[in-house]
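*Asks:*
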Amino acid sequence: MLRMLVCLAAAAVFAGGIALSASGQPGPCKPTASDTPGPFGRLDAPRRAKIGTGHVLQGRVLRATDCAPVSRAVVFLWQAGPRGYVYRPRGRASVVTDRLGRFRFEGPVPSSSGFRPPHIHIAVIHPAYEELVTRYVVRRGAKSGRIKIVLTPLL
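Going by the working numbering, the letters in the sequence shown line up with residues -5 to 149, in that order.
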């Protein structure tokens, strides 16, 4: 019976996305893999959380060493439109994470570009962490999505 309870507790921790070390403290998170910036990956996007409607992306930015939230990180987002990538503010935005490391971005469902499925490019910048560029692939027919981004501290 005790063994079953331990297994259930471990499954609950795993399902909840919480990593604990032997001391019971949060353990490290695996850093998010970097990606190529894609076209027009300039980090000068207007500060806004909405560029259209059709898809909502919610994210969380965490620190690799202990999975703690990273507040005040600047998250840049850009995506292809119906005519591909066109450099102008319409398909770009930037947001700042809150005290829990959360951000929200709303825009049209991105178009496919070349052989890649529809996706949103994401760059995250914070003075205490390595810069990261990654992307979120939008599932076919999805109206919303979630992403967890894990940053590596500089020191």
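No residue lacks a Cβ here, since even glycine has one placed at the ideal position from N, Cα and C.
Could you tell me which residues DSSP pairs with Val50 in its beta bridges?
*Replies:* Per DSSP, Glu100, Ser138.
*Asks:* Relative to the C-alpha of Gln52, which candidate in Pro104, Phe97, Val118 has its C-alpha closest?
*Replies:* Closest by alpha carbon: Phe97.
*Asks:* Check the C-beta distance from Gly101 over to Gly46 and give it rounded, since I have them as a contact under 8 Å.
*Replies:* 5 Å
*Asks:* Going by other Cβ atoms of all chains shown within 10 Å of its Cβ, with 16 needed for buried, is Ser88 buried or exposed?
*Replies:* Ser88 should be labelled buried.
*Asks:* For Arg57, name the three-state secondary structure that DSSP assigns.
*Replies:* strand
*Asks:* Helix, strand or coil, according to DSSP, for Arg84 in the structure here?
*Replies:* Collapsing the DSSP output to three states places Arg84 in a helix.
*Asks:* Measuring CA to CA, which of Tyr123, Ser28, Pro104 is closest to Gln73?
*Replies:* Pro104
*Asks:* With a CB to CB cut of under 7 Å and the five nearest residues on each side skipped, what residues in its chain are close to Ile141?
*Replies:* Only Leu51, Gly53, Tyr130 meet the Cβ criterion.
*Asks:* Assuming Val69 contacts Leu145 (C-beta within less than 8 Å), just tell me the rounded distance between them.
*Replies:* The pair is not a contact, with the Cβ atoms about 11 Å apart (cut-off 8 Å).
*Asks:* Can you say whether Val90 is buried or exposed, counting buried as having 16 or more other CB atoms within 10 angstroms of its CB?
*Replies:* Its Cβ having fewer than 16 others within 10 Å, Val90 is exposed.
*Asks:* Work out the CA separation of Glu124 and Leu148 for me, nearest whole Å.
*Replies:* 6 Å
*Asks:* Which same chain residues end up closer than 8 Å to Ala9 when comparing Cβ atoms and leaving out the 5 residues on each side of it in sequence?
*Replies:* Because the pLDDT at Ala9 is just 35, under 50, the model does not fix this residue reliably, and the value given afterwards should be weighed accordingly. Its chain contains no residue whose beta carbon lies nearer than 8 Å to that of Ala9 once the 5 sequence neighbours on both sides are disregarded.
*Asks:* Please list the terminal residues of the continuous beta strand (DSSP E) segment that includes Leu126.
*Replies:* Per DSSP, Leu126 belongs to the beta strand (DSSP E) from 126 to 131.
*Asks:* Pull up the distance between the alpha-carbon of Val118 and that of Ser28, whole angstroms please.
*Replies:* 11 Å
*Asks:* Tell me whether Thr128 is buried or exposed, calling it buried when 16 or more other Cβ atoms sit within 10 Å of its Cβ.
*Replies:* The C-beta of Thr128 has 16 or more other C-beta atoms within 10 Å across all chains shown, which makes the residue buried.
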